[in-house]
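Visitor: Please read through the structure below; I'll follow up with questions.
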Amino acid sequence: MRDHTLKYLLVLPAVVVVFATAVWPLIQSFIFSMYQGRLTRPGFPQGFLGSENYVWAVFEEPAFWNSVTVTAVYTVLTVALTVIFSLGLALLLVPGGKFRGAVQTLLILPFAMSPALIGVSFRFMFNPEFGLFDAFFGLLIPPLADINWLSVPMLAFAVCVMADVWGWIPFLTLVLIGGLAAVPRDTIEAAEVDGASGWRVFRDITLPQLMPVLAVVIILKSIFSLKTFDQVYMLTNGGPGSATQTLSHYIYFNGLKYGQIGYSAAVAWLMVIPMIFLTYAYARLVFKKQ
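With the numbering used here applied, the sequence shown closes on residue 296, and no number is skipped along the way.
Structural data, given as structure tokens:
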């Protein structure tokens, strides 16, 4: 009986910490989403609204749907480009060589940088007066020189995607290298002996066996792309206009700049919906693999 009680006592501190830092804030934010909740007025939160904040966001606020569209396109592009480039690099590095360890060490360096620092770095590199890319284009592609990339909506969005892809490629490459290392070499060698081309070996042998790892990578990257904030905030601050305003930035913008905590909490809970499905799919894949 004592051992039975002891195991719960040992887990209790972790449960308390998780409840205080994760569960209770979620409950509190859900409560706030039912109220008017303006920080600029006394007596916070004010006025019970029920589901009115949710209805306003979904049916009456174009800015909400703009941020949803930006987030969806951003997620699809960053996930697709990151996975494609990472898989290509992983295939190039799998054969090995004496410099493989050094290359893998260099690959992880961009991922070690914080997203906010990546955003600041790209903002300076795309500066039209003294930026690295402006000098590069001036030497090789003069028509692209002196363009203020971050002031053109489509170009600013492209820069945000580029910065995210650059920051995530190293980590996903190392994950996929591990996945490729688990593919049986004897199967590949047997196919090569039978005359299969490199493309057929990849399509019929490597890719099918790599699919569980790819699925986990895609879901995990989708979760991080959906909730991206700091990198976009430091790079464009959602501009120009609202061309790069993701859902997380929209929540911050309304909650902390305009003080609409109740409305921002409702939007945050709307963003939780796709997160729940992605997290569930990720957990199913991981536990199934184990």
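Cβ coordinates follow ideal geometry from the N, Cα and C atoms, glycine included.
Among 16, 285, 24, 63, which one has its Cα closest to the Cα of residue 274?
Guide: Cα-wise, what sits closest to residue 274 is 63.
Visitor: How would you label residue 31, buried or exposed, when you count the other beta carbons within 10 angstroms and need 16 or more for buried?
Guide: exposed
Visitor: Write down every uninterrupted run of the alpha helix (DSSP H) in the stretch 126-190 whose length is 4 residues or greater and which is fully enclosed by it, in chain order.
Guide: 138-146, 159-187
Visitor: Look at the alpha carbon of residue 229 and the alpha carbon of residue 250, and state the distance between them as a whole number of angstroms.
Guide: 18 angstroms
Visitor: Verify whether the separation of the beta carbon atoms of residue 241 and residue 183 is less than 8 angstroms.
Guide: no
Visitor: Would you say the stretch 197-206 touches the stretch 159-178, given that touching needs at least three Cβ pairs under 8 angstroms?
Guide: By the Cβ rule, the stretch 197-206 does not count as touching the stretch 159-178, because fewer than three pairs are nearer than 8 angstroms.
Visitor: I'd like to confirm the pairing. Which residues does DSSP put opposite residue 54 in its beta bridges?
Guide: 41
Visitor: Please identify the residue among 271, 265, 269 whose C-alpha is closest to the C-alpha of residue 48.
Guide: 265
Visitor: Alpha carbon to alpha carbon, how far is residue 237 from residue 128? Give it in angstroms, no decimals.
Guide: 10 angstroms
Visitor: Mapping the DSSP letters down to three states, classify residue 298 as helix, strand or coil.
Guide: Residue 298 falls outside the range modelled here, since the chain spans only 7 to 296, and no answer is possible.
Visitor: Given this structure, state the Cα-to-Cα distance separating residue 191 from residue 260, to the nearest angstrom.
Guide: 54 angstroms
Visitor: Report the rounded CA-to-CA distance for residue 280 versus residue 87, giving the unit in angstroms.
Guide: 21 angstroms
Visitor: Return the residue from the list 56, 218, 40, 291 that minimises the CA-CA distance to residue 188.
Guide: For the residues 56, 218, 40, 291, the minimum Cα distance to residue 188 belongs to 218.
Visitor: When you compare only the Cα positions, how much space is there between residue 155 and residue 139?
Guide: So the alpha carbons of these two residues sit roughly 10 angstroms apart.
Visitor: Given that a residue counts as buried once 16 or more other Cβ atoms are within 10 Å of its Cβ, and exposed if not, what is residue 152?
Guide: exposed
Visitor: So residue 231 and residue 170 are supposed to be a Cβ contact under 8 angstroms. How far apart are they, rounded?
Guide: 7 angstroms
Visitor: Who are the near neighbours of residue 70 in its chain, counting only those whose CB is closer than 6 angstroms to its CB and skipping five residues on each side?
Guide: 63
Visitor: Whose C-beta lies closer than 7 angstroms to the C-beta of residue 53 among residues of the same chain, with five residues either side of it excluded?
Guide: 41, 42
Visitor: Less than 8 angstroms between the beta carbons of residue 271 and residue 38, yes or no?
Guide: yes
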